[in-house]
Structures are given as C-alpha cells and as structure tokens.
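S.K.: Please see the structure below; I have some questions.
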Amino acid sequence: MNEPTSNINYVEMREHTLIETKEGNIVVIHEITLGDVIISVLLAAMMIFMVLERFMRR
Numbered sequence: 010m011n012e013p014t015s016n017i018n019y020v021e022m023r024e025h026t027l028i029e030t031k032e033g034n035i036v037v038i039h040e041i042t043l044g045d046v047i048i049s050v051l052l053a054a055m056m057i058f059m060v061l062e063r064f065m066r067r
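Numbering (our numbering), first residue to last: 10 to 67.
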C-alpha cells in the first residue's frame, strides 16, 4: 500500500531520458506545449523584424 508510485509507465521510451546515479535514477521527461511553440515563433518573428528594420534604415 505504501509503495511509491511512478508515472514512468505512462511515458513512451522516446519521450524521456533516464539518468542513473548512485543515489537513484533521474527521469527527465521531454515535452513541448502549444504555448511554448507560440512564444518561440513570436520571439523569432520579432528578432527577424528587428534585424530587417535595421537593414532597411541604411
């Protein structure tokens, strides 16, 4: 009843990295959300427009 539960069984093997240490295992779950994609695209677009604006002023 007091067994530790783990969500590792619900994650596919290609979506996490297992790092083995002396103290125990460290599981890094890789995921990206829609918000991450939107923010990344907006930041990239802002940087591109800033560079283009500098070149157009010259």
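Note that beta-carbon positions come from the ideal geometry of N, C-alpha and C, so glycine has one too.
The structure presented is a predicted model; accordingly, all values stated were derived computationally and were not measured.
When you compare only the Cα positions, how much space is there between T42 and M59?
M.R.: Position 33 of the sequence shown, counted from the start, is the residue given in the question as residue 42. Position 50 of the sequence shown, counted from the start, is the residue given in the question as residue 59. Approximately 26 Å between the Cα atoms of the pair.
S.K.: Hey, V36 and I47: beta-carbon distance below 9 Å or not?
M.R.: Here the question's residue 36 lines up with position 27 in the sequence shown. Here the question's residue 47 lines up with position 38 in the sequence shown. No, they are not a contact pair.
S.K.: Alpha carbon to alpha carbon, how far is M56 from E40? Give it in angstroms, no decimals.
M.R.: The residue you call residue 40 lines up with position 31 of the sequence shown. The residue you call residue 56 lines up with position 47 of the sequence shown. Between E40 and M56, the C-alpha separation is close to 25 Å.
S.K.: Secondary structure at I38, three-state DSSP: helix, strand or coil?
M.R.: Locating residue 38 in the sequence shown gives position 29, counting from the first residue. Reduced to three states, the DSSP call for I38 is strand.
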